[in-house]
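Peer 1: I have a structure here, written as structure tokens, and I will follow up with some questions on it.
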Amino acid sequence: MAREKYATNVKRQVAMVLDLNKCLGCQTCTIACKKMWNTDTGSGYAYWNNVETMPGKGYPANWQTTGGIDAEGKIKRGEIPTLDTGYGRAWTFDHQEVFASSGNEPSQKIWIQPKEKNVKHGANWDEDEGVGTYPEDNHYFYLPRICNHCEEPACLHACPRGAIVKNEENGIVMVNQDRCHGYRFCVEACPYKKVYFDPKRQVANKCIFCAPRVEEGVAPACARQCPGRLRYVGFMDDEDGPIWKLVKKWGVAVPLHPEYGIGPNVFYVPPMSPPQLDMHGVPLDEPRIPMAFLEQLFGPAVKDAMNILLEERERKKAGESSELMDLLIAYDWNENFKLDDGTREVFS
Amino acid sequence: MKKKLDLISAPTGLQPGNYVKEAYVDPREPSTPKADVEVTQNGKAWQLTLSWDCPDPVTDVSDDTHRFIDSVAFMAPGTPDAVWITMGEEGKPVEAILWRADREAPLRVVAEGWGTVERNEPPEGWTVTSAWDKGRWTVTFNIAEWPALEAHQQLAAAVWRGAARNRAGLKSVSPGWFPIEA
Numbered sequence: 007m008a009r010e011k012y013a014t015n016v017k018r019q020v021a022m023v024l025d026l027n028k029c030l031g032c033q034t035c036t037i038a039c040k041k042m043w044n045t046d047t048g049s050g051y052a053y054w055n056n057v058e059t060m061p062g063k064g065y066p067a068n069w070q071t072t073g074g075i076d077a078e079g080k081i082k083r084g085e086i087p088t089l090d091t092g093y094g095r096a097w098t099f100d101h102q103e104v105f106a107s108s109g110n111e112p113s114q115k116i117w118i119q120p121k122e123k124n125v126k127h128g129a130n131w132d133e134d135e136g137v138g139t140y141p142e143d144n145h146y147f148y149l150p151r152i153c154n155h156c157e158e159p160a161c162l163h164a165c166p167r168g169a170i171v172k173n174e175e176n177g178i179v180m181v182n183q184d185r186c187h188g189y190r191f192c193v194e195a196c197p198y199k200k201v202y203f204d205p206k207r208q209v210a211n212k213c214i215f216c217a218p219r220v221e222e223g224v225a226p227a228c229a230r231q232c233p234g235r236l237r238y239v240g241f242m243d244d245e246d247g248p249i250w251k252l253v254k255k256w257g258v259a260v261p262l263h264p265e266y267g268i269g270p271n272v273f274y275v276p277p278m279s280p281p282q283l284d285m286h287g288v289p290l291d292e293p294r295i296p297m298a299f300l301e302q303l304f305g306p307a308v309k310d311a312m313n314i315l316l317e318e319r320e321r322k323k324a325g326e327s328s329e330l331m332d333l334l335i336a337y338d339w340n341e342n343f344k345l346d347d348g349t350r351e352v353f354s
Numbered sequence: 650m651k652k653k654l655d656l657i658s659a660p661t662g663l664q665p666g667n668y669v670k671e672a673y674v675d676p677r678e679p680s681t682p683k684a685d686v687e688v689t690q691n692g693k694a695w696q697l698t699l700s701w702d703c704p705d706p707v708t709d710v711s712d713d714t715h716r717f718i719d720s721v722a723f724m725a726p727g728t729p730d731a732v733w734i735t736m737g738e739e740g741k742p743v744e745a746i747l748w749r750a751d752r753e754a755p756l757r758v759v760a761e762g763w764g765t766v767e768r769n770e771p772p773e774g775w776t777v778t779s780a781w782d783k784g785r786w787t788v789t790f791n792i793a794e795w796p797a798l799e800a801h802q803q804l805a806a807a808v809w810r811g812a813a814r815n816r817a818g819l820k821s822v823s824p825g826w827f828p829i830e831a
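Protein sequences appear in the order of chains A and B. Numbering of the first sequence is given in my numbering, commencing with residue 7 and proceeding in unit increments. Numbering of the second sequence is given in my numbering, commencing with residue 650 and proceeding in unit increments.
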């Protein structure tokens, strides 16, 4: 059965573009988000923003196959990740023991390590592992993920309580925890696995796109704190803003798993990569990150996006001007963010 | 009044939203197929007891993301024609008393249709006791006064088996209202 479509009254949609060519995997975004919004005991494991290494299992483990939508965009019964094998419990560390041993001989010192043993997964579990054979074709890249604040949110349509709402003014999807009864159909249904459950408080929680900041014209913390300046924030319909330029005008920013069919509003500039090498170390025509893998993540539109990126890069290399490259280089960081007339600039 | 209840799976096809009714096709067998109910009245006070087989009780769900709690509820119509299957409708409410295995006090529930359930702390004089023994739960509600039950003399019952991931509309229910005969 095809999924029902629900009319929404969203006047404007806020969105984000992330340039994967610039992600350092430093997790500053993760920490900026975590410290700002999500320090409750029961969701210590939960990262509204996470950065995972691709190819990899991601976070939660195998999220691409455990959601409530199949590869054809049809509803299927999703899974709820467990703390042990899905998300990974928040670690605790032996700080006291390290401190107590600080005067010992070097061989007797205790070093910082997690107290938990036999850990099965974590938020950055397969960091930098990647795939391939060195030096021919080994590769990986970082994929930062937040809630996609979808056009037709699977979480919203899964909640029998009506506890998940899409804000009419900006399209941000949020959980009304006063109405949430902890049924977790939202966790099951989201194909991006970006709704979390707090077992202590028995309510769901998720990325709020820093709604109170957005309402003041300030970009989300994950975007403003990014040392790589890879995030762009604005409204989809603002032709002077970075989102419209990257998504609509240039077509170089594409959504994650568009085949799910729920209209994600977070877009990615795909990662370019150096060429593979043959057995003699001679570069081949094939990029290290296979186009087939990128198409699996971002759909067929990623191919055109990549071609445009490569063409514009060559133009810039040749000394010609390129609005696209200038925007992606972020010469002027202020241009990364444009929310409304009241937008606060990065530098005054 | 003592009665043996044959329970059915609550139909998922009517539930709100597009996920539950498609992801959970109606199971043929309820997670809890049978229950014993006992109702006694003493003046305005009621004692309602439900017992059912539960080989794998779940009494604490505070330490993981995927576990669901054992629960049971008795529901009474708020009006003579309140619909049982939808948990009432606008202007025709239902009332219920809910036990969760991780709470000492029951919860009072009112609803006027799917998705409208409101849970609140119970009125004074509404208590619950529970015991699990030899693979069987026995839950007894003591209710000082329940005007809706007094007025309409009908109940419905629902059992959520946590181990089967029952919650919300995924539950075993009595097939409609049943009268509480003296």
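Idealized CB from N, CA, C, for every residue including glycine.
1. Would you say A/T98 faces chain B, with C-beta separation under 8 Å as the test?
2. Report yes if the C-beta distance between A/V23 and A/V253 is below 8 Å; otherwise report no.
3. Please confirm if B/E794 has its CB atom under 8 Å from at least one CB of chain A.
4. If you follow the alpha helix (DSSP H) that A/Q302 is in, where does it begin and where does it stop?
5. Quick check: is the beta carbon of B/R677 nearer than 8 Å to any beta carbon in chain A?
6. Quick check on the DSSP output: the beta strand (DSSP E) that includes B/N769 runs from which residue to which?
7. Is the segment 83–95 of chain A touching the segment 235–250 of chain A in the sense that three or more CB pairs, one from each, lie closer than 8 Å?
8. Which of helix, strand or coil does DSSP assign to B/A817?
9. Just the C-alpha distance for A/S279 and A/C153, rounded to the nearest angstrom, thanks.
10. Only counting runs of 3 or more residues, tell me where the beta strand (DSSP E) segments fall wholly within the segment 725–778 of chain B, in order along the chain.
11. Just to confirm the assignment: which complete beta strand (DSSP E) runs, minimum length 3, are found wholly within the segment 676–730 of chain B?
12. Going by DSSP in three states, A/A13 sits in which element: helix, strand or coil?
13. Under 8 Å, Cβ to Cβ, is there at least one residue of chain A near B/V710?
14. What does the Cβ neighbour count give for B/S680, buried or exposed, with the cut at 16 atoms within 10 Å?
15. Leaving out five residues on either side along the sequence, give the residues of the same chain with a beta carbon under 6 Å from the beta carbon of B/S779.
16. I think B/L804 touches B/F827, with their Cβ atoms under 8 Å apart; what is that distance to the nearest whole Å?
17. Buried or exposed for B/D705, going by 16 or more other Cβ atoms inside 10 Å?
18. Take A/I268 as the anchor and find which of A/G188, A/M297, A/A311, A/E158 has the nearest alpha-carbon.
19. In chain order, which beta strand (DSSP E) runs of at least 3 residues are fully inside the segment 51–96 of chain A?
20. DSSP three-state call for A/G240: helix, strand or coil?
21. Using the three-state DSSP reduction, which class does B/V781 fall into: helix, strand or coil?
22. Could you work out which residues of chain B lie near A/K344, taking near to mean beta carbons separated by less than 9 Å?
23. Rounding to the nearest angstrom, what Cα-Cα distance links A/L26 and A/A169 in this structure?
24. What did DSSP end up calling A/K28 once you bin it into helix, strand or coil?
25. What does A/V275 pair with, by DSSP beta-bridge criteria?
26. Under the DSSP definition of a beta bridge, which residues are partnered with A/S108?
27. Pick out whichever of A/T72, A/K206, A/C32, A/G62 has its Cα sitting closest to the Cα of B/D713.
28. Check the Cβ-Cβ distances between B/T789 and every residue of chain A, and say whether any is below 8 Å.
29. Kindly indicate if chain A contains any beta-carbon less than 8 Å away from that of B/E739.
30. Kindly say whether A/I81, judged by its beta-carbon, lies nearer than 8 Å to any beta-carbon of chain B.
31. A/D90 to B/V707, Cα distance in whole Å?
32. Given that a residue counts as buried once 16 or more other Cβ atoms are within 10 Å of its Cβ, and exposed if not, what is A/R237?
33. Flag this pair as yes or no: are the beta carbons of B/A725 and B/H801 separated by less than 8 Å?
34. Indicate the three-state DSSP secondary structure (helix, strand or coil) for A/N342 in the structure shown.
35. Is the CB of A/P205 under 8 Å away from at least one CB in chain B?
36. What's the C-alpha gap between A/P114 and A/Q70?
Peer 2: This is what the structure holds:
1. It does not; no Cβ of chain B falls within 8 Å.
2. Contact: yes.
3. Not flagged as an interface residue toward chain A: B/E794, since no C-beta distance is shorter than 8 Å.
4. That run of the alpha helix (DSSP H) goes 297–304.
5. Cβ-Cβ to chain A under 8 Å: no for B/R677.
6. Counting along the chain, the beta strand (DSSP E) containing B/N769 begins and ends at 767–769.
7. Because the criterion of three Cβ pairs below 8 Å is not met, the segment 235–250 of chain A and the segment 83–95 of chain A do not touch.
8. The three-state secondary structure of B/A817, taken from DSSP, is coil.
9. So the two alpha carbons sit approximately 26 Å from each other.
10. Counting only runs that start and end inside the segment 725–778 of chain B, the beta strand (DSSP E) elements of at least 3 residues fall at 743–749, 756–760, 767–769.
11. Whole beta strand (DSSP E) segments, 3+ residues: 683–691, 694–702, 720–726.
12. Legend: pLDDT at A/A13 = 49, less than 50; position of this residue unreliable, value from coordinates given subsequently. In the three-state reduction of the DSSP assignment, A/A13 falls in the coil class.
13. So yes, B/V710 belongs to the interface.
14. Classification of B/S680: buried, given that the 10 Å Cβ count is 16 or more.
15. The answer, listed in chain order, is V788.
16. Between B/L804 and B/F827 the beta-carbon gap is near 6 Å, inside 8 Å, which marks them as a contact.
17. With fewer than 16 other Cβ atoms within 10 Å, it is exposed.
18. Among A/G188, A/M297, A/A311, A/E158, the Cα nearest to that of A/I268 belongs to A/E158.
19. Runs of the beta strand (DSSP E) inside the segment 51–96 of chain A: 56–60.
20. A/G240: strand per DSSP, three-state reduction.
21. The displayed chain sequence assigns Trp, not Val, to residue 781 of chain B. Three-state result, B/W781: strand.
22. Within chain B, no residue has its CB atom less than 9 Å from the CB of A/K344, the nearest being about 35 Å off.
23. A/L26 and A/A169 have their C-alpha atoms roughly 33 Å apart.
24. Reduced to three states, the DSSP call for A/K28 is coil.
25. In the DSSP output, where bridge partners are listed per residue, A/V275 has A/D25.
26. In DSSP, A/S108 forms no bridge with anything.
27. When only C-alpha atoms are compared, the closest one is A/K206.
28. At a cut-off of 8 Å between beta carbons, B/T789 makes no contact with chain A.
29. With 8 Å as the cut-off, B/E739 does not count as an interface residue toward chain A.
30. Closer than 8 Å: yes.
31. So the alpha carbons of these two residues sit roughly 18 Å apart.
32. Buried.
33. Yes. Within cutoff.
34. Of the three classes helix, strand and coil, the one that applies to A/N342 here is helix, per DSSP.
35. For A/P205, the nearest beta carbon of chain B is closer than 8 Å to its own beta carbon.
36. Looking at the sequence provided, one finds Gln at residue 114 of chain A rather than Pro. The straight-line gap from Cα to Cα measures roughly 44 Å.
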